[in-house]
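The structure under discussion appears below in the form of C-alpha cells.
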Amino acid sequence: MLKIYNTLSRDKREFIPITPDAVRMYVCGMTVYDYCHLGHARVLVVFDMAYRWLKASGFDVTYVRNITDIDDKIIRRAAENKESIHALTQRFIAAMHEDADALGVQRPDHEPCATQYVPQMLEMIEKLEENGLAYRAADGDVNYAVRKFPGYGNLSGKSLEDLRAGERVDVTDGKNDPLDFVLWKHARDSESDEVKWDSPWGKGRPGWHIECSAMGSEILGKHFDIHGGGADLQFPHHENEIAQSEGAHKCRFVNYWMHNGFVRVDEEKMSKSLGNFFTIREVLKKYDAEVVRFFILRAHYRSPLNYSDMHLDDAKGALTRLYTALKFLPVRPEPSTTLRTKGLVEGERGDASAHATSTNSRQASTGSARTDLMDWNEPHARRFKAAMDDDFNTPEAVAVLFDLANEVNRTQSAEAASQLKALAGVLGLLQRDPQAFLQGGAGEGGFDDTVISAQIEARITAKKSKNFAEADRIRKELLETGIVLEDSAMGTTWRRV
RNA sequence: GGCGCGAUAGCAAAGCGGUUAUGCACCGGAUUGCAAAUCCGUGAAGGGCGGUUCGACUCCGCCUCGCGCCUCCA
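Numbering (the working numbering), first residue to last: 17 to 513.
Right, here's the structure in full:
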C-alpha cells in the first residue's frame, strides 16, 4: 500500500487514485529562459522517480510536466539578448531536455507549453469572472479576488489575516486587495506583438498561475490525483492554482500535493537571486550524471539536500561500490528491442500490481514476462517495495541496494546480481555496463584505453618475472593519472578514481 | 512579525517505543608479492531541559539553534 505525504493534510496517507489503477499527475516544470540548475534537477529526478514507482506499482500513469514559455523574465531576457521569445525558449527547452535526458529522466506523457493553451486560459478566466471571482482592475489587468475564495490559504497554512499582516505584500496597482493576483496582464505599448494575445479584456498575456490550472484541467481533467513541484511553489503558486481551478470548476482540484525540498549550498537555498546556483551542465562536466541522480535519490525527496563537491564525491564512491558488485557477474539480458521493452514494461506493471493487490489470482497471469526478471517476493524486493511505498523512501530503498551488493559480493550469486540491477532499475540506476561506469570518469586528460592496456600488460610481464619494483612503478604511474588497478583471479582490471 | 520544517555517530542519511540501518571515513583481521577491490569483525549516535512509560533517538511540552515560505523562484 502506497502512502504519500500530502502537503494539504500535512500527513502521510494511503494513496487512493480517483480512477482505480490509474494515476493522473501534474508537476510544475521549468520557466525556460536559462539553463536548469541543480534545484531543477531535483524536481526532474524526484518526480521521475515517483512516476517510475507508480508505474512499477501497476498504475496506468499519465504524467504532465509543463513548460512556462511566456513570463516577465522570459520577455526581459529575450530583450536583453535581442532575440525572439520563441528562439530563446526553444533554445532552453532543448537544453532542458539534454539535461533531463542525461540524468535519466523519462519524458513525461505530456509536456505542454503555456503559449499553446491561451484559449483554455481565457475560457477559465471567463468562468472565474462569471463566478464572481475575477474582476477587471483600473489598470486593465484581470485579477483574482482572493477574499472571495473561502479556502484560500489551506495549502500553505496561511490565513488572509496573517498574509495581510506581513509587510512584504506590496499595496500597489489596481488590486482590490493586495493579495489578489493577476490572471490576465494587459499589453503594454513597449511590448512586442509576440507577447500579445487577443482576449475579451483586450490584448495582453496570461498571468503565471493560470497556465497550470488551465493545462492541468485540459489534459488531466478538472479533478486529478497528484500535483507536485518544488516547496517554494506551495505559496503562492499552488495556492493560486487551487483558487483558480476550484473557483472555476466548482469541484475539488487535486487530491495529493507533493513538494520536494530544496537543494542547498552551505545550508542556504540554491536560487538564482542568491546567485549560489550550479547549473546541471556545469556539474556534469565534473561528475557523472548517474552520480548526480544517485546523489539526489539518496536523500528523501522532502528533505533539504546540501550540495558540495564533497557530497558528490561521497555519492560517487557509493555508486562505485554498487557497480563494482556487478562487475564480474552476468546479469540477465538487456531488453534491447522495442518488443522486449514493451514486454518488460507490461510485465513490470502486472507483476507489481499483482503484488500490490496481495494474494489474488492476477499474479499467475500477469507475472510471466517479468517473473524471471523481478521477483517481488524476494526479501530484498519486499523491503525495497515497503520503503518506496512509504512516501517514496528512496534512502531506505538505496540501503537495500547496498545490502544486496553485499550479498552479491559474498555469494557471487547471479540471481542476487540480477535482482540488484532490477531493483536499481526501478530508480533509474545501475543500468549501464559496470565497466563503462567504472572506467568512465570525467575523462580529463590522462591515458587512453590502449595505453592503459599496454601498461597493464607490461606490469603483468614484470610480475611474472618477479620484478615487483617495476610492477609497482607502473601501478603508481597509472594511479597518478587517476587509474586504479585491481588484481583478481579473473585478471587485472582498472577503473578511474 | 505570522506560518511551517528540521536538529541522528567524523561526514552524509533512514527506520524504529525495547533487538546491526545504509554509504564514506576510521580501527583490527582475512585475502594479496605489496596494493586495490572484496569479505569478516570492532568502535562511533540521536541539540538542551522536563514529562508520559517498566523502558524513548523514537510520543508530548518547553527552550536553543538552523532552514524555509509570507515578493519571482524547483
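Backbone N, C-alpha and C define an ideal beta-carbon position, used for all residues, glycine too.
- Ranked by Cα distance from residue 486, the first of 494, 475, 74, 495 is 475.
- Residue 244 holds the alpha-carbon nearest to the alpha-carbon of residue 63 among 235, 109, 127, 244.
- Sixteen is the threshold: since fewer than 16 other Cβ atoms of the shown chains lie within 10 Å of the Cβ of residue 467, the residue is exposed.
- Secondary structure in the region 79-141: the alpha helix (DSSP H) runs of 4 residues or longer, each lying completely within the stretch, are 88-97, 101-118 in chain order.
- Around residue 260, the same chain offers 140, 144, 160, 225, 226, 229 as residues with beta carbons nearer than 7 Å, after the five sequence neighbours per side are excluded.
- Judged by DSSP in its simplified three-state form, residue 326 adopts helix.
- Residue 58 sits close to residue 279, with the two beta carbons spaced by under 7 Å.
- Between the region 71-85 and the region 116-136, the count of C-beta pairs closer than 8 Å reaches three or more; the two stretches touch.
- Counting C-beta pairs closer than 8 Å gives fewer than three between the region 283-293 and the region 168-176, which falls short of the contact rule.
- Excluding five sequence positions before and after residue 275, the CB atoms of its chain that fall closer than 6 Å to its own CB belong to 23, 247, 250, given in chain order.
- Residue pairing by DSSP places residue 77 opposite 39 in a beta bridge.
- For residue 336, the three-state secondary structure derived from DSSP is helix.
- In this structure, 281 is the residue among 98, 281, 131, 304 with its C-alpha nearest to the C-alpha of residue 294.
- Just measuring C-alpha positions, the residue of 257, 449, 54, 19 sitting nearest residue 298 is 54.
- Within 10 angstroms of the beta-carbon of residue 482 lie fewer than 16 other beta-carbons, which makes it exposed.
- Residue 218 holds the alpha-carbon nearest to the alpha-carbon of residue 155 among 218, 268, 207.
- Between residue 119 and residue 305, the beta carbon gap of about 5 Å places them in contact (Cβ cut-off 8 Å).
- The beta carbon of residue 152 sits closer than 7 Å to those of 158, 217, all from its chain and outside the five residues before and after it, given in chain order.
- Cβ neighbours of residue 394 within its own chain (closer than 8 Å, five residues either side excluded): 435.
- Looking only at 84, 472, 70, 507, the smallest Cα-Cα distance to residue 223 is reached by 84.
- Here residue 452 is exposed. Its C-beta has fewer than 16 other C-beta atoms within 10 Å.
- When DSSP states are grouped into helix, strand and coil, residue 456 belongs to the helix group.
- Taking residue 196 as the centre and dropping the five residues before and after it, the same chain places the C-beta of 159, 160, 161, 162 closer than 7 Å to its C-beta, in chain order.
- Residue 229 carries a helical assignment under DSSP once its states are collapsed to helix, strand and coil.
- Residue burial annotation: residue 271 is buried, with at least 16 other C-beta atoms found within 10 angstroms of its C-beta.
- With respect to residue 471, residue 495 sits apart: the two C-beta atoms are not nearer than 7 Å.
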